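Chains G and Y supply the protein sequences, listed in that same order.
Quick note: to get the working numbering, add 4 to the position in the first sequence (first position is 1).
Quick note: to get the working numbering, add 4 to the position in the second sequence (first position is 1).
Input: a single structure, listed below in structure tokens.
Protein chains: 2
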Amino acid sequence: MNKQVSIIGTGLIGGSLAKALRKSGFAGTIVGADQNESALIRAVELGVIDRYSNDLSEAVAGADIIVLSVPVRQTGAVLAELLPGLPTDSVITDVGSSKAHVVSAARQALGEHMDRFVPGHPIAGREKSGVAAAETELFRDHRVILTPLETTRQDAVDRVSQMWNSVGAQVSCLSVQQHDLVLAATSHLPHVLAYATVDTLAGTDYVEEIFEFAAGGFRDFSRIASSDPVMWRDVCLTNKSAILDVLDHFEARLGDIRKAIETDDSKVLTETFSKSKKIRDNFLR
Amino acid sequence: MNKQVSIIGTGLIGGSLAKALRKSGFAGTIVGADQNESALIRAVELGVIDRYSNDLSEAVAGADIIVLSVPVRQTGAVLAELLPGLPTDSVITDVGSSKAHVVSAARQALGEHMDRFVPGHPIAGREKSGVAAAETELFRDHRVILTPLETTRQDAVDRVSQMWNSVGAQVSCLSVQQHDLVLAATSHLPHVLAYATVDTLAGTDYVEEIFEFAAGGFRDFSRIASSDPVMWRDVCLTNKSAILDVLDHFEARLGDIRKAIETDDSKVLTETFSKSKKIRDNFLR
């Protein structure tokens, strides 16, 4: 039975987890820590967390589970800072989108405590950021991918799984490499494309008309371009090789479509669009 | 006062217009025509249209307004086929997404009657196709762009505008060229990118995991890849130069992001993502 969960980084994901835990009936203490003190004050006011500390070793003291919910490139520094206060019996997990980087940073920072670190990633988000956007039901019926290493303690994996289950999420395990390739394709690539598309539109003629006449299709397509820039910069820099690999594939496929448009190749366009439609329709079922 | 509207092509857009007209209190007759007779029978059963004809000249006989709602490359053939039945006092409009092509095809097919043809484009759609997906409220609070030529009769523009206003749409006018550039950027480019992305994912490793773990971001981003392949093939082939032009810009911007990832250029990534987020957030307001 967990008596205290400490959440480092009380933005959209950390804040939503706090709210969801409370809603699920979690009766213990939720401690928050964040670089942004006004966000912490807000989180206490909103009842999202019970208390906060600016000192990470103090924030984790007494915790059964410590959840890192910070941009991934801060993982090493945050772990090093909380280490002096790390309770003997605690487990640590995170929510980052590039697991190879997180595992490497955690291994370096945690040393002998690495067997209690359970790399994790809830497949949930919003284009809004910060604790004010936090939602109680953000994780319900969503996947959480854990990527435990061979050396990760099973009881630590079980405790983290139980926490995510308690807020309605479905936990699955993948290898670190599988996770990073799958996420590069389904999440990191679309984010890069959405940012690039909005950037393109901003640089074309008729900018005013473009945004005036953009329809629902564009709104949905570009939604993820409203995501947190710092988080996504970090994802790009830390899952670099998988992202560049899937970008290679994408550029080749886009090149094929472009060539078909240039050469009026009706057959290739019909086949490609029909195949994509069929695949996506199946995905939705 | 219109007594009859003839809708050639009773799919998603044509079917939705019929339903919306009926809902708006239009008391006249709605006649449908479509290559797919079972869709027409369905449309009559659903009460979407009053009657149908397989013969286009018969379908337009008695019509005050004729609305073409077919894939754009069929514009010329459809107009040629309905021409023998064209009532003297009727006006013709269409809903196609590439106006230069439609105008050229219409000019060739209609000859002296071209002054009654009002090129139009409702900025509304769904990823679903066919009359079964038709929605009464599809056009409410949506834009309809008309691109009248210098030679287009003003009373024809007024009648088409009035029809769209009656179903809750807001009518604006653009030049043919402006329309085609604006739509290439806001609609045609995103469709091509969504089709290419789904095609990319289908060709990568871990396909099963990819679709199993894809989140809401991907669902929204790729929604338009479920659109009608024939319609989008036609759009690509008929708005070719504007689409290739915006693809050039897109590939350059994507190349900049790619280079920043390759060279760990944190600054460029932060700036690009922040700029895009800001632009899109403003667009939503």
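Don't be surprised by glycine CBs; every beta carbon is placed ideally from N, CA and C.
A quick note: this is a predicted structure, and the numbers were derived from the prediction, not measured.
In the DSSP assignment, residue 146 of chain G falls outside any alpha helix (DSSP H), carrying neither H nor E. Assignment of alpha helix (DSSP H) within the region 183–209 of chain Y, counting only whole runs of 4 or more residues, yields 193–206 in chain order. Bounds of the alpha helix (DSSP H) holding residue 81 of chain G are 79–86. Closer than 8 Å to the CB of residue 168 of chain Y there is not a single CB belonging to chain G.
Close CB contacts of residue 236 of chain G within its chain, under the 6 Å cut and outside five residues either way in sequence, are with 195 (chain order). Residue 131 of chain Y is positioned such that its CB atom lies no closer than 8 Å to that of residue 20 of chain Y. The Cβ neighbour count for residue 31 of chain G, taken over all protein chains shown within 10 Å, is under 16; the residue is labelled exposed. In the DSSP assignment, residue 163 of chain G forms no beta bridge with any residue. Taking the Cα of residue 145 of chain G as reference, the smallest distance to any Cα among Y:189, Y:219, Y:202 and Y:190 is reached at Y:219.
Contact between the region 9–19 of chain G and the region 122–136 of chain G is present: 3 or more CB-CB pairs across the two stretches fall below 8 Å.
DSSP, reduced to helix, strand and coil, places residue 218 of chain G outside both helices and strands of the structure shown, so it counts as coil. With 16 or more other Cβ atoms from the protein chains shown falling within 10 Å of its own Cβ, residue 276 of chain G counts as buried. Contact of residue 284 of chain G with chain Y by beta-carbon distance below 7 Å involves 202, 226, 229 and 230. Contact between the region 109–122 of chain G and the region 76–86 of chain G is present, with at least three C-beta pairs closer than 8 Å.
DSSP places residue 97 of chain Y inside the beta strand (DSSP E), whose first and last residues are 95–98.
Taking a 10 Å sphere around the C-beta of residue 212 of chain Y, we find fewer than 16 other C-beta atoms and assign the residue as exposed. DSSP places residue 126 of chain Y within a strand segment (E or B) once states are collapsed to three. Distance between residue 187 of chain Y and residue 282 of chain G, taken at the CA atoms: about 25 Å. Of all C-beta pairs linking the region 149–167 of chain Y to the region 84–103 of chain Y, three or more are shorter than 8 Å, placing the two stretches in contact.
Taking the Cα of residue 185 of chain Y as reference, the smallest distance to any Cα among Y:142, Y:250 and Y:233 is reached at Y:250. Just so you know, the alpha carbons of residue 215 of chain G and residue 280 of chain Y end up roughly 13 Å apart.
Counting only the Cα atoms, residue 42 of chain Y lies some 48 Å from residue 125 of chain G. For chain G, the residues of the region 156–190 of chain Y that bring a beta carbon within less than 8 Å of one of its beta carbons are 176, 178, 182, 185, 186, 187, 189 and 190, in chain order. If you draw a straight line from the Cα of residue 165 of chain Y to the Cα of residue 285 of chain G, it comes to about 35 Å.
DSSP places residue 278 of chain Y inside the alpha helix (DSSP H), whose first and last residues are 270–288.
Relative to the Cα of residue 107 of chain Y, the nearest Cα in the group Y:55, Y:72 and Y:147 belongs to Y:72. The C-beta of residue 234 of chain Y comes closer than 8 Å to at least one C-beta of chain G. Going by C-alpha positions, residue 143 of chain Y is about 21 Å away from residue 224 of chain Y. Just measuring C-alpha positions, the residue of G:114, G:26 and G:99 sitting nearest residue 50 of chain G is G:26. Proximity of residue 152 of chain G to chain Y, defined by a Cβ-Cβ separation below 8 Å, is not satisfied. For residue 72 of chain G, the enclosing beta strand (DSSP E) begins and ends at 69–72. Annotation: residue 48 of chain Y is outside any beta strand (DSSP E); the continuous alpha helix (DSSP H) that includes it extends over 41–49. Residue 171 of chain Y sits in coil when the DSSP states are folded into three classes, being neither helix nor strand. Distance between residue 45 of chain G and residue 36 of chain G, taken at the CA atoms: about 10 Å. Beyond the five residues adjoining it in sequence on each side, residue 175 of chain G comes within less than 7 Å, by CB distance, of 148, 150, 165, 168 and 169 in the same chain, given in chain order. DSSP places residue 108 of chain Y outside any beta strand (DSSP E); the residue lies instead in the alpha helix (DSSP H), whose first and last residues are 103–114.
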